[in-house]
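**Q**
Here you go:
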């Protein structure tokens with residue numbers, strides 16, 4: 001130790017050592033003191049989770065970018081394809097409409113014209129050249145002419161008008177005695193209240209028409225309407241009319257007119273019973289405003305002008321008139337409406353040409369309409385109304401397949417190719433809706449991401465671009481299946497509860513009825529096989545009820561008929577017993593012991609025992 005001190009330690013150290021106590025602490029020496037090393041423990045890297053979430057979001061966005069680009073390319077392609085198809089269809093429709101409009105205009109001018117005249121006698125000139133135009137349009141030399149004047153459109157007919165109509169009809173028929181005829185429908189004004197005035201005008205018409213100077217063969221016929229189409233019980237079902245032919249005869253004193261073969265001339269009646277015009281179709285064509293064309297209820301004059309009109313009248317009238325004439329399809333019959341009002345006569349003829357009657361060959365037909373009754377304004381309005389109605393109805397029937405000269409329907413437009421298709425198998429994170437053309441993100445895929453602000457903002461921008469309606473894709477099949485299962489479970493639960501409640505109530509009522517009726521069974525002497533009297537169990541009470549019902553059924557046969565309710569009550573009780581699943585009758589025996597009377601407490605206990613027992617069995 002002395003050597004160590006002498007050779008290795010300096011004087012200061014020796015001095016320090018000498019001053020230390022016996023138990024010295026080496027930590028007091030500065031360089032020997034133990035220094036406590038502080039270890040800095042690093043926290044786990046908090047940004048790792050964020051980086052993973054960010055990576056998932058970027059990966060999700062990148063995949064969605066590709067799917068979105070694929071969807072947008074398909075959408076642009078399909079829109080371009082549809083735009084080209086729409087342009088082609090527009091050109092096709094424009095060309096077809098132009099051809100149809102031109103043909104309709106020519107047909108309206110030559111075959112279905114509407115003229116405005118001053119009086120019925122002023123229609124001769126227009127009828128003459130319009131008939132020639134129709135013959136040229138239909139490529140025939142001569143045509144048959146049928147004049148029709150429905151005087152119900154005129155309202156009150158004066159005697160001067162009767163004479164003017166007679167002169168006009170005479171000139172019309174005798175212009176071509178062989179091919180021309182005329183149908184005059186009598187007036188219908190003065191229903192009920194002024195029937196005498198109406199009959200007076202009808203007799204004046206008949207007398208004037210039968211005048212020898214008119215050279216007319218007058219045939220009266222009655223239009224009898226269907227009773228079930230009448231407007232009220234006061235509506236007259238009878239309407240007078242006349243078929244007028246030329247009285248010119250050949251050398252054998254036979255009428256020259258070919259219309260003598262008509263069924264209307266031979267039968268002097270219509271072969272088919274007509275019907276009144278429906279009140280919902282009443283129109284007033286004399287006004288300008290479209291909204292005011294409907295005839296208001298209670299306007300007697302305008303309503304009477306719509307009674308004897310419509311397809312329900314003109315269709316059977318024309319069929320009867322043409323029946324028996326043996327017209328050829330190459331012949332032409334020109335119908336002249338000498339009192340145009342509601343355009344139902346030309347519309348009926350157009351419908352007949354489009355859908356001919358069964359077992360009847362129709363000739364070519366056209367209608368010339370003359371409008372003259374009323375003021376200048378009403379005549380102009382009626383003329384415009386008739387022209388529009390005839391043109392519209394003709395256009396509709398042509399589109400439905402009726403042939404029209406000068407118009408050939410264009411062939412159906414062929415597709416320019418196959419529409420672009422979208423391969424939906426390439427979409428894993430989204431589902432394209434081809435019908436609404438939107439791209440929806442799958443909800444389960446989006447829920448895997450961290451709901452950060454970046455993800456939410458991206459979803460908003462994505463929906464604004466390709467999914468304006470917003471929302472995620474939902475598998476409707478799975479959703480419907482889940483709802484069905486939920487509904488089914490709920491329904492079964494409610495059904496079970498309802499059955500239990502119904503079962504409890506059923507047995508409760510049956511047991512109470514049985515208990516009340518069992519009191520009266522003392523006279524029957526009923527006892528169970530075990531020797532116990534009825535009471536205290538549901539089966540005993542039920543058997544008592546059965547015995548009572550048997551006795552009631554025996555008595556029912558002697559009960560008056562007005563007490564049938566007792567019989568119905570017995571049947572109801574029998575049904576209750578069958579529902580309660582009674583024990584076989586062989587388990588019961590008859591004795592002479594009287595039946596023990598059931599107390600209220602016993603009856604209540606019995607009923608609830610029965611209900612609990614049956615409920616447990618059903619469950």
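Residue numbers (the working numbering): 1 to 619. Heads up, the beta-carbon is just placed ideally off N, CA and C, and yes, glycines get one too.
Quick one: what does DSSP say residue 349 is sitting in, helix, strand or coil?
**A** Here residue 349 refers to the residue found at position 349 of the chain shown. Helix, per DSSP.
**Q** Scan the region 326-397 and note each continuous beta strand (DSSP E) run of 3 residues or more that stays entirely inside, going in chain order.
**A** Within the region 326-397, the complete beta strand (DSSP E) runs of at least 3 residues are 332-337, 364-371.
**Q** Indicate whether residue 350 and residue 397 have their beta-carbon atoms separated by less than 9 angstroms.
**A** What you label residue 350 is simply residue 350 of the chain shown in a count that begins at 1. What you label residue 397 is simply residue 397 of the chain shown in a count that begins at 1. It is a contact, given that the beta carbons lie within the stated cut-off.
**Q** So what does DSSP say about residue 451, is it helix, strand or coil?
**A** By one-based count along the chain shown, residue 451 stands at place 451. Coil.
**Q** Which of helix, strand or coil does DSSP assign to residue 432?
**A** The sequence position of residue 432 within the chain shown is 432, counting from 1. If DSSP states are grouped into helix, strand and coil, residue 432 belongs with the strands.
**Q** Determine, using beta carbons only, whether residue 379 and residue 371 come nearer to each other than 9 angstroms.
**A** Residue 379 sits at position 379 when you count from the first residue of the chain shown. Residue 371 sits at position 371 when you count from the first residue of the chain shown. It is a contact, given that the beta carbons lie within the stated cut-off.
**Q** Can you tell me which of the three DSSP states residue 307 falls into?
**A** Working through the chain shown from its first residue, we reach residue 307 at position 307. In the structure shown, residue 307 sits in coil (DSSP, three-state: anything other than H, G, I, E or B).
**Q** Quick check: what's the CA-CA separation for residue 307 versus residue 92?
**A** Counting from 1 along the chain shown, the entry for residue 307 is found at position 307. Counting from 1 along the chain shown, the entry for residue 92 is found at position 92. Cα-Cα distance, rounded: 44 angstroms.
**Q** Could you have a look at residue 220 and say whether DSSP puts it in helix, strand or coil?
**A** As a first step, residue 220 is located in the chain shown; it is residue number 220 there, counting from the start. Three-state result, residue 220: strand.
**Q** Rounded to the nearest angstrom, how far is the Cβ of residue 319 from that of residue 272, given a contact under 8 angstroms?
**A** Numbered from 1 along the chain shown, position 319 holds the residue referred to as residue 319. Numbered from 1 along the chain shown, position 272 holds the residue referred to as residue 272. With 8 angstroms as the limit, residue 319 and residue 272 qualify as a contact, their Cβ atoms being about 7 angstroms apart.
**Q** Residue 340: buried (16+ other C-beta within 10 angstroms of its C-beta) or exposed?
**A** For this step, residue 340 is matched to residue 340 along the chain shown. By the 10 Å Cβ count, residue 340 comes out buried.
**Q** Can you have a look at residue 144 and say buried or exposed, based on whether 16 or more other CB atoms are within 10 angstroms of its CB?
**A** Locating residue 144 in the chain shown gives position 144, where the first residue counts as 1. Buried, by the Cβ-count rule.
**Q** Along the chain, where does the alpha helix (DSSP H) containing residue 97 start, and where does it finish?
**A** The residue given as residue 97 occupies position 97 in the chain shown. Per DSSP, residue 97 belongs to the alpha helix (DSSP H) from 47-110.
**Q** Measure the Cβ-Cβ separation of residue 639 and residue 80 and say whether it is below 9 angstroms.
**A** Because the chain is modelled from 1 through 619, residue 639 falls outside the range shown and cannot be assessed.
**Q** Using only CA atoms, which one of 440, 299, 87, 276 lies nearest to residue 310?
**A** In the chain shown, counting from the first residue as 1, residue 310 sits at position 310. Of 440, 299, 87, 276, the residue nearest in Cα terms is 276.
**Q** With a threshold of 8 angstroms, are at least 3 pairs of Cβ atoms found where one atom belongs to the region 385-394 and the other to the region 104-123?
**A** A contact exists between the region 385-394 and the region 104-123.
**Q** To the nearest angstrom, how far is it from the Cα of residue 418 to the Cα of residue 86?
**A** Indexing the chain shown from 1 puts residue 418 at position 418. Indexing the chain shown from 1 puts residue 86 at position 86. So the alpha carbons of these two residues sit roughly 15 angstroms apart.
**Q** Since residue 174 contacts residue 215 with CB under 8 angstroms, what's their CB separation in whole angstroms?
**A** As a first step, residue 174 is located in the chain shown; it is residue number 174 there, counting from the start. As a first step, residue 215 is located in the chain shown; it is residue number 215 there, counting from the start. Indeed, because the Cβ distance is near 6 angstroms, the residues count as touching under 8 angstroms.
**Q** Distance, Cα to Cα, residue 274 vs residue 322?
**A** Locating residue 274 in the chain shown gives position 274, where the first residue counts as 1. Locating residue 322 in the chain shown gives position 322, where the first residue counts as 1. Cα to Cα, the separation comes out at about 16 angstroms.
**Q** Are residue 137 and residue 88 closer than 9 angstroms when you measure CB to CB?
**A** Within the chain shown, the letter at position 137 stands for residue 137. Within the chain shown, the letter at position 88 stands for residue 88. No, they are not a contact pair.
**Q** Quick check on this structure: which residue in 148, 164, 473 has the alpha carbon closest to the alpha carbon of residue 314?
**A** As a position in the chain shown, residue 314 is number 314, starting the count at 1. With distances taken between Cα atoms, residue 314 lies closest to 148.
**Q** Checking the sheet assignment: what are the DSSP bridge partners for residue 242?
**A** As a first step, residue 242 is located in the chain shown; it is residue number 242 there, counting from the start. 184, 220, per the DSSP bridge assignment.
**Q** Can you grab the Cα-Cα spacing for the pair residue 205 / residue 146, in whole Å?
**A** What you label residue 205 is simply residue 205 of the chain shown in a count that begins at 1. What you label residue 146 is simply residue 146 of the chain shown in a count that begins at 1. Rounded to the nearest angstrom, the two C-alpha atoms are 19 angstroms apart.
**Q** Buried or exposed for residue 358, going by 16 or more other Cβ atoms inside 10 Å?
**A** As a working mapping, residue 358 is identified with position 358 in the chain shown. Exposed, by the Cβ-count rule.
**Q** If you check the beta carbons only, do residue 167 and residue 187 fall under 9 angstroms apart?
**A** Along the chain shown, one-based indexing puts residue 167 at 167. Along the chain shown, one-based indexing puts residue 187 at 187. Their beta carbons are not under 9 angstroms apart, which means residue 167 does not touch residue 187 by this criterion.
**Q** Rounding to the nearest angstrom, what Cα-Cα distance links residue 297 and residue 234 in this structure?
**A** Position 297 of the chain shown holds residue 297. Position 234 of the chain shown holds residue 234. Their backbone Cα atoms lie some 16 angstroms apart in a straight line.
**Q** What does the alpha-carbon distance come out to for the pair residue 160 and residue 263?
**A** Position 160 of the chain shown, counted from the start, is the residue given in the question as residue 160. Position 263 of the chain shown, counted from the start, is the residue given in the question as residue 263. Those two C-alpha atoms are separated by around 32 angstroms.
**Q** Can you tell me the Cα-Cα spacing of residue 399 and residue 410, whole angstroms?
**A** Within the chain shown, residue 399 is the residue found at index 399, counting from 1. Within the chain shown, residue 410 is the residue found at index 410, counting from 1. If you take the alpha carbons of residue 399 and residue 410, they lie about 11 angstroms apart.
**Q** Mapping the DSSP letters down to three states, classify residue 294 as helix, strand or coil.
**A** As a first step, residue 294 must be located in the chain shown, where it is residue number 294. Note: residue 294 maps to strand in three-state DSSP.
**Q** If you drop the 5 nearest sequence neighbours on each side, which residues of the same chain put their C-beta closer than 6 angstroms to that of residue 213?
**A** Working through the chain shown from its first residue, we reach residue 213 at position 213. Once the five neighbours on either side are set aside, residue 213 has no close Cβ partner at all.
**Q** Please give the ranges of any beta strand (DSSP E) in the region 97-176, keeping only runs that are unbroken, at least 3 residues long and fully inside the region.
**A** The qualifying runs are 114-116, 144-150.
**Q** Classify residue 441 as helix, strand or coil using the three-state DSSP reduction.
**A** Counted from its first residue, the chain shown places residue 441 at position 441. DSSP places residue 441 in strand when its eight states are reduced to three.
**Q** Helix, strand or coil: which one does DSSP assign to residue 273?
**A** To locate residue 273, count along the chain shown from 1; it is residue 273. Looking at residue 273 - three-state DSSP - the assignment turns out to be coil, as it is neither helix nor strand.
**Q** Would the beta-carbon of residue 223 fall within 9 angstroms of that of residue 165?
**A** Here residue 223 refers to the residue found at position 223 of the chain shown. Here residue 165 refers to the residue found at position 165 of the chain shown. The answer is no: Cβ separation not under 9 angstroms.
**Q** Expressed to the nearest angstrom, what Euclidean distance is found between the alpha-carbon atoms of residue 421 and residue 74?
**A** Along the chain shown, read from residue 1 onward, the residue named residue 421 stands at position 421. Along the chain shown, read from residue 1 onward, the residue named residue 74 stands at position 74. Rounded to the nearest angstrom, the two C-alpha atoms are 7 angstroms apart.
**Q** Name the DSSP bridge partner or partners of residue 249?
**A** Within the chain shown, numbered from 1, the residue matching residue 249 stands at position 249. DSSP, once it has assigned bridges, lists 255 as partnering residue 249.
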